[in-house]
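Participant:
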Amino acid sequence: MIRSVVRGFGSCLPKRIVTNKDLEEQVATSDEWIVQRTGIRQRYIAGEGETTASLGEGAAREALASAGLSVDDIDMIIVATSTPDNTFPAVAVNIQNRLGMHHGFAFDVQAVCSGFVFAMTTADNYIRSSMVRRVLVIGAETFSRILDWNDRTTCVLFGDGAGAVVLEAMEGDGTAADRGILSASLRSDGAHQDKLYVDGGPSTTGTIGHLRMQGREVFKHAVGMITDVIIDAFDRAGLTAADLDWLVPHQANRRIIEGSAKKLDIPMEKVVITVDLHGNTSAASIPLALASAAADGRIKQGDLVMLEAMGGGFTWGAVLLRW
Numbered sequence: 006m007i008r009s010v011v012r013g014f015g016s017c018l019p020k021r022i023v024t025n026k027d028l029e030e031q032v033a034t035s036d037e038w039i040v041q042r043t044g045i046r047q048r049y050i051a052g053e054g055e056t057t058a059s060l061g062e063g064a065a066r067e068a069l070a071s072a073g074l075s076v077d078d079i080d081m082i083i084v085a086t087s088t089p090d091n092t093f094p095a096v097a098v099n100i101q102n103r104l105g106m107h108h109g110f111a112f113d114v115q116a117v118c119s120g121f122v123f124a125m126t127t128a129d130n131y132i133r134s135s136m137v138r139r140v141l142v143i144g145a146e147t148f149s150r151i152l153d154w155n156d157r158t159t160c161v162l163f164g165d166g167a168g169a170v171v172l173e174a175m176e177g178d179g180t181a182a183d184r185g186i187l188s189a190s191l192r193s194d195g196a197h198q199d200k201l202y203v204d205g206g207p208s209t210t211g212t213i214g215h216l217r218m219q220g221r222e223v224f225k226h227a228v229g230m231i232t233d234v235i236i237d238a239f240d241r242a243g244l245t246a247a248d249l250d251w252l253v254p255h256q257a258n259r260r261i262i263e264g265s266a267k268k269l270d271i272p273m274e275k276v277v278i279t280v281d282l283h284g285n286t287s288a289a290s291i292p293l294a295l296a297s298a299a300a301d302g303r304i305k306q307g308d309l310v311m312l313e314a315m316g317g318g319f320t321w322g323a324v325l326l327r328w
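Under this note's numbering, the sequence shown is numbered contiguously, ending at residue 328.
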């Protein structure tokens, strides 16, 4: 059977780093408070000329170089984002043009922090249907542009950045030993939309709006929802947490990550953590963490890797793959 194998990976971060100490000068918060409740120590904030598309382009170019491919080898681009450069056209089309790609097709996926997981699953379906052979899957965000910098409960949590992978069709035996995406589990429930949302949009206020969050409510649902889709993805592949080499979670809050790992009996030594360096970069957080762990040699060919995320909507999902 056809499997979607990760051929290359890349990342791109803004030039400017903003530490918790820097934020102490802007809002009534403290480094100790932020670290204790979230695990975040710094984040990258986009500056003039840095946009979701430019960061996504940077990550895409790095992923192509990692894969040893050129843009001519790519059939399709999917970008997961909630912070596009424009209402339309899609960021994916913008990146397609920036890369000099004039063939194939490109579009965006919007599932907030779960976006990269949804995009990976979408790309996998296109590949397994034989419609395409190679896909650039990108998670890119500039959440700093939708933050209320006077709201200390949200502005300390988020950052900007982009990560990308190249997925390529490869023949597999149809067993759990195959390289590539083995299973996935996706969910959403719009009944929770008022717990994490942006209070603006073209069809309502005609403005961009700001991010609003009921932090305690999000935390209350997160661990249960995340573990449910992870268990489902394991079951679909006929595997268990004991088989896992690496958990690469959405980097929203260290306490949520630790709670999920504990509930699944996954040792923290097997969990990739970058929330301290990047903050919550929404759809970019998983590919940024993935690129970090692959670049430093932690994730190696043949390793079993679980990706998981939960985002506004609520949306949540997991993808199990063999590197």
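Yeah, the Cβ is synthetic: ideal placement off N, Cα and C, and Gly gets one too.
Everything numeric in this text was worked out from a predicted model, so none of it was measured.
Do you know how far the Cα of ILE7 is from the Cα of GLU176?
Facilitator: 5 Å
Participant: Which residues mark the beginning and the end of the beta strand (DSSP E) in which ILE7 is found?
Facilitator: 7-17
Participant: Can you tell which of HIS215, GLN31, GLN47, SER9 has its C-alpha closest to the C-alpha of ILE22?
Facilitator: GLN47
Participant: Per DSSP, which one or two residues make a beta bridge with GLU29?
Facilitator: GLU29 pairs with nothing; no bridge assigned.
Participant: Measure the C-alpha to C-alpha separation of VAL76 and ALA65 and round it to an integer number of angstroms.
Facilitator: 9 Å
Participant: The beta strand (DSSP E) that contains THR210, what's its start and end?
Facilitator: Here THR210 belongs to no beta strand (DSSP E), and DSSP marks it neither H nor E.
Participant: Run through DSSP, which three-state label would ALA4 get?
Facilitator: Nothing can be reported for residue 4, as the shown portion of the chain is limited to 6 through 328.
Participant: Apart from the five residues on each side of it in sequence, which residues of its chain come closer than 7 Å, Cβ to Cβ, to GLY220?
Facilitator: Excluding sequence neighbours, GLY220 sits near THR158.
Participant: From SER71 to THR210, what does the alpha carbon distance come to, in whole angstroms?
Facilitator: 42 Å
Participant: Hey, out of GLY284, SER190, GLN306, PRO292, whose CA is closest to LEU325's CA?
Facilitator: SER190
Participant: Taking the alpha carbon of ASN91 as the reference point, which residue from ASN25, ALA257, GLY206, LEU28 has its own alpha carbon closest?
Facilitator: GLY206
Participant: Identify which residue in GLY316, GLY284, LEU309, ALA323 has its Cα closest to the Cα of TYR49.
Facilitator: GLY284
Participant: Within this structure, are the beta carbons of ALA58 and ARG103 separated by less than 8 Å?
Facilitator: Yes, the Cβ-Cβ distance between ALA58 and ARG103 is below 8 Å.
Participant: I need the DSSP call for ASP165, collapsed to helix, strand or coil.
Facilitator: strand
Participant: Exposed or buried, which one is SER208 when buried takes at least 16 other CB atoms within 10 Å?
Facilitator: exposed
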